[in-house]
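What follows is a short report on a single structure.
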Amino acid sequence: MYMKKTAVIICVSAAMICGAIRLSMRLTEAKELEMEVSKPQQDIAAQEQTKIYNGGENMPLYYDEEDILLLPIRNVAQGLGGTVTWDKTTKSVAVTYKGKKLLFEAGNSSAQMCGYHITLHTPPQSINGCLYGEASILSDFFSTEVRWDSAKKQISLKSKEGVIPIIASDFLVGKSQGKEYSLEIPVIMGLNDGSYEKGLNKEIMQEIQGLVDEFMLGDGDGNFHLQLEKGLVNGDFLSLCWSGKKDEQTIYKTINIDLREQKTKLLTDMLTEKGIANVKAQVPFAENQLFYITEQKELALIDSGKQEQAVVLFPGNGDVLKGQWQTKYADFISASAM
Numbered sequence: 052m053y054m055k056k057t058a059v060i061i062c063v064s065a066a067m068i069c070g071a072i073r074l075s076m077r078l079t080e081a082k083e084l085e086m087e088v089s090k091p092q093q094d095i096a097a098q099e100q101t102k103i104y105n106g107g108e109n110m111p112l113y114y115d116e117e118d119i120l121l122l123p124i125r126n127v128a129q130g131l132g133g134t135v136t137w138d139k140t141t142k143s144v145a146v147t148y149k150g151k152k153l154l155f156e157a158g159n160s161s162a163q164m165c166g167y168h169i170t171l172h173t174p175p176q177s178i179n180g181c182l183y184g185e186a187s188i189l190s191d192f193f194s195t196e197v198r199w200d201s202a203k204k205q206i207s208l209k210s211k212e213g214v215i216p217i218i219a220s221d222f223l224v225g226k227s228q229g230k231e232y233s234l235e236i237p238v239i240m241g242l243n244d245g246s247y248e249k250g251l252n253k254e255i256m257q258e259i260q261g262l263v264d265e266f267m268l269g270d271g272d273g274n275f276h277l278q279l280e281k282g283l284v285n286g287d288f289l290s291l292c293w294s295g296k297k298d299e300q301t302i303y304k305t306i307n308i309d310l311r312e313q314k315t316k317l318l319t320d321m322l323t324e325k326g327i328a329n330v331k332a333q334v335p336f337a338e339n340q341l342f343y344i345t346e347q348k349e350l351a352l353i354d355s356g357k358q359e360q361a362v363v364l365f366p367g368n369g370d371v372l373k374g375q376w377q378t379k380y381a382d383f384i385s386a387s388a389m
């Protein structure tokens, strides 16, 4: 799951102070168990048991200036039914949950998830003897949804239904002879077909490596940076977008994969002829149009030739696209578009 940090920022802005903000937290497993961190107060309702923790140690921490939300790893893992073990030899922490495994250590951005090497945007931190991890990677690993309850001032991690692929990150980073690059690479995990998953990761890695090789062979000095944005990710479809700069040139790259067919899709594969005509009436449209589906289920069209306002958004079920998706895509884009 891709965490909407901006929602947390808006809701807690009135209470923000310098440094870390301590927040209450609850954990929900299959809509039956809600847990938090310490000093429990029990509240029993029909078919649901709730444990509310509003104080004490090991509270979630939000860092205003850095826009980082940290969660206590052991409490989250155990509250959602996972296990946490400490390896004295490697000085690493292993989190296991429903057949998945996450390995990391305090202060180190290098980690392993489901056998893949990944790079964490924020390394785990040891605070007062408790190991904290960034909410985004934990919510992805545990397949949870982050929610903010403004009335209770609680951050909730609620388990999602079904199998959701995990999209973590790694990086190609280098510097040589006046050239410097940093390109973020998606690490895709949890697909139904393990062989396809490995092949897909290899293919994307080779493509990104090709961009690096082309850059390094070019004349002169320069910088090349690409950052990954996760769009719509579910058991049926995967949409990703990269944006960045190669020297002064703005660079975009997208990939849209039908996971059921295991095929990359063009926008013309996903919309009806009328839908394509409606889009063309609004903006310039190329045969191999760069696009992706956002997490909010918007169609994002990209004109990579523009330096400003290069991305145009269309609501998935708005006036232009309503009823214009091919049937197999309409069920998870337009039918429940936000």
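Throughout the sequence shown, residue numbering follows our numbering, covering 52 to 389 in sequence. Here a beta-carbon is modelled for each residue, glycine too, at the ideal position from N, C-alpha and C. Every value quoted in this text rests on a predicted model; they were computed, and no experiment measured them.
So for residue i, helix, strand or coil by DSSP?
i                 : result
leucine 317       : coil
phenylalanine 275 : strand
valine 363        : strand
asparagine 285    : coil
alanine 337       : coil
glutamine 347     : coil
glutamine 375     : coil
asparagine 307    : strand
isoleucine 239    : strand
glycine 130       : helix
isoleucine 124    : helix
serine 355        : coil
threonine 147     : strand
Drop a sphere of 10 angstroms on the beta-carbon of residue i, count the other beta-carbons inside from all chains shown, and report buried for 16 or more, exposed for fewer.
i              : result
glutamate 324  : exposed
threonine 335  : In the sequence on display, residue 335 carries proline and not threonine. Exposed, because fewer than 16 other Cβ atoms sit within 10 Å of the Cβ of proline 335.
tryptophan 137 : exposed
alanine 328    : exposed
glutamate 338  : exposed
alanine 332    : exposed
valine 144     : buried
How would you write the range of the alpha helix (DSSP H) that residue i sits in, first residue to last?
i                : result
lysine 331       : 324–331
phenylalanine 29 : Here the chain covers residues 52 to 389 and nothing more, so residue 29 does not appear.
threonine 390    : This structure leaves residue 390 out entirely; the chain is present only between 52 and 389.
threonine 378    : 378–381
In terms of residues, what are the limits of the beta strand (DSSP E) holding residue i?
i             : result
isoleucine 22 : In the structure as shown, the chain begins at 52 and stops at 389. Residue 22 is therefore absent and cannot be evaluated.
serine 161    : 161–164
Note down, one range per segment and in chain order, each beta strand (DSSP E) of at least 3 residues found wholly within the region 203–232. 205–210 and 217–227
So, do the region 250–264 and the region 204–219 have three or more beta carbon pairs nearer to each other than 8 angstroms? Flag = no, the region 250–264 and the region 204–219 do not touch.
Enumerated in chain order, which unbroken segments of the alpha helix (DSSP H) with a length of 4 residues or greater are wholly contained in the region 242–268? Listed in chain order, they are 245–268.
Does the region 188–197 come close enough to the region 257–265 to have 3 or more Cβ pairs within less than 8 angstroms? no
Whether or not the region 296–306 and the region 338–345 are in contact is what I'm after, with contact meaning three or more pairs of Cβ atoms, one per stretch, closer than 8 angstroms; do they touch? yes
Contact between the region 268–275 and the region 314–321 is defined here as three or more beta-carbon pairs at a separation below 8 angstroms; is this criterion met? no
Should the region 156–168 be called in touch with the region 109–126, which here means at least 3 C-beta pairs below 8 angstroms? no
Between the region 221–230 and the region 285–303, do three or more beta carbon pairs fall short of 8 angstroms? no
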